[in-house]
Amino acid sequence: MHIFTNAAELRAYTETQRAAGRRLGLVPTMGALHEGHLQLVQAAATQCDEVIASVFVNPTQFNNPDDLRLYPRVPEQDAALLAPAGCTALFLPPVAEVYPQPTMLRFDFGALEQVMEGAHRPGHFNGVATVVSKLFHFARPHVAYFGQKDFQQVAVVRQLVADLSFDLELVVYPTVREADGLAMSSRNRRLSPAARAAAPLLYQVLTAAAAQVRQGLPPAQVQAQALGYLAKAPEFTPEYFELVNAHSLQPVAQYTIGQPLALCVAAHLDGVRLIDNVVIE
Ligand code: PAF
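Mapping to the numbering used here: the sequence shown position 161 is 182, numbers consecutive.
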């Protein structure tokens with residue numbers, strides 16, 4: 022596995038691969054890799070000739086300085102996991118390589134970012150769109166792989182690719198879960214044993230709410246009950262629980278036949294902010 026810390030060197034490498042007719046897959050990550058990331062890498066390895074993974078804790082997408090400071094960083098462990106999963110090139114840049122100067126460009130995703138993560142983390146999607154655009158330019162992939170756990174991020178990146186005509190295919194894989202249902206996340210490493218024991222409640226509340234939606238319980242009631250359960254659990258401080266249109270991400274006040282739906286939640290658990298979602302077919 023090649024390791025690049027320099028964007029120009031990565032681009033020279035990927036240009037050579039493209040010129041040789043090889044299909045390139047990119048898996049952008051912030052490291053502290055888990056099985057969810059590795060499944061993306063494995064999928065890319067079966068579909069592409071070259072798999073580039075980036076490990077970069079992107080400062081511009083953090084609105085909370087403590088969250089940025091405490092975000093787990095284990096690059097050696099990440100590199101050791103990536104090669105056996107099929108990664109052929111790792112991009113591990115320092116911050117100054119990605120941001121040689123402060124960016125002035127600002128992204129505005131309109132209604133897509135005025136809800137949920139966008140509403141609670143001002144500037145978050147501007148940072149995501151900035152770094153993802155840069156990674157697309159550096160790696161020039163034919164296919165880019167994302168996990169559905171970051172449901173709103175996927176919608177924003179889809180819009181970014183469409184609006185800026187990035188010539189690539191987006192592939193989204195389902196959330197990978199621990200045996201007890203907790204969505205895999207790099208932030209899970211920061212959970213205390215007590216918080217980790219309580220954490221599966223998030224997915225339990227989501228699945229119970231999804232069952233209520235399927236039974237036709239009014240959206241406001243579904244939301245109130247879910248938030249009530251989370252608020253009663255002493256370890257949790259819920260931030261939002263939303264039933265949204267799975268495409269527009271706008272809150273759903275009443276059901277319409279054929280409308281794609283998703284339930285999305287964010288909660289703080291012993292100082293760690295977790296998100297999760299379920300899509301309702
Ligand atoms: O999903 C993530 O880990 C990050 O938001 C991403 C896409 C790597 C951009 O920093």
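Don't be surprised by glycine CBs; every beta carbon is placed ideally from N, CA and C.
query: Let me know if Arg-90 comes out buried or exposed under the rule of 16 or more other beta-carbons within 10 Å of its beta-carbon.; result: exposed
query: With DSSP run on the structure shown, which of helix, strand or coil describes His-158?; result: helix
query: Enumerate in chain order the residues of its own chain whose CB-to-CB distance from Phe-167 is below 8 angstroms, with the five nearest sequence positions on each side excluded.; result: Pro-49, Leu-61, Gln-174, Val-175, Val-178, Leu-191, Val-192, Val-193, Tyr-194
query: Could you check where the beta strand (DSSP E) with Tyr-194 kicks off and where it finishes?; result: 190-194
query: Is it the case that the CB of Pro-143 approaches a heavy atom of the ligand PAF more closely than 7 angstroms?; result: no
query: Going by DSSP, what residue range makes up the alpha helix (DSSP H) through Arg-179?; result: 172-184
query: Give the secondary structure of Glu-256 by DSSP, where H, G and I count as helix, E and B as strand, and everything else as coil.; result: coil
query: Could you tell me which residues DSSP puts in a beta bridge with Thr-50?; result: Val-76
query: Under 8 angstroms by Cβ, that's how I've got Ser-11 and Ala-53 pegged, so tell me the actual separation to the nearest angstrom.; result: The requested residue 11 is not part of the displayed model; the chain covers only 22 to 302.
query: Whose CA, out of Ala-29, Ala-218, Ala-230, lies closest to the CA of Leu-282?; result: Ala-230
query: Does the stretch 32-48 come into contact with the stretch 133-143, if we say contact requires no fewer than three beta-carbon pairs (one atom in each stretch) closer than 8 angstroms?; result: no
query: Looking only at C-alpha atoms, which of Ala-165, Glu-30, Ile-24 sits nearest to Arg-69?; result: The sequence shown places Cys at residue 69, not Arg. Cα-wise, what sits closest to Cys-69 is Ala-165.
query: Whole-angstrom Cβ separation of Ala-200 and Val-226, contact assumed at under 8 angstroms?; result: Not a contact, Cβ separation roughly 18 angstroms.
query: Take the Cβ of Gln-244 as the centre, count every other Cβ of all protein chains shown within 10 Å, and call the residue buried at 16 or more, exposed below.; result: buried
query: How is the alpha helix (DSSP H) around Val-116 delimited, first residue to last?; result: 116-119
query: If you compare alpha carbons, which of Leu-290, Thr-35, Leu-102 is closest to Ala-216?; result: Leu-290
query: Which same chain residues end up closer than 7 angstroms to Ala-267 when comparing Cβ atoms and leaving out the 5 residues on each side of it in sequence?; result: Pro-281, Leu-282, Ala-283, Val-300
query: Does any heavy atom of the ligand PAF sit closer than 7 angstroms to the C-beta of Val-153?; result: yes
query: Can you tell which of Ala-220, Tyr-250, Gln-242 has the C-alpha that lies nearest to the C-alpha of Gly-292?; result: Ala-220
query: Suppose you measure from the CA of Leu-126 to the CA of Val-152; what does that come to, to the nearest Å?; result: 12 angstroms
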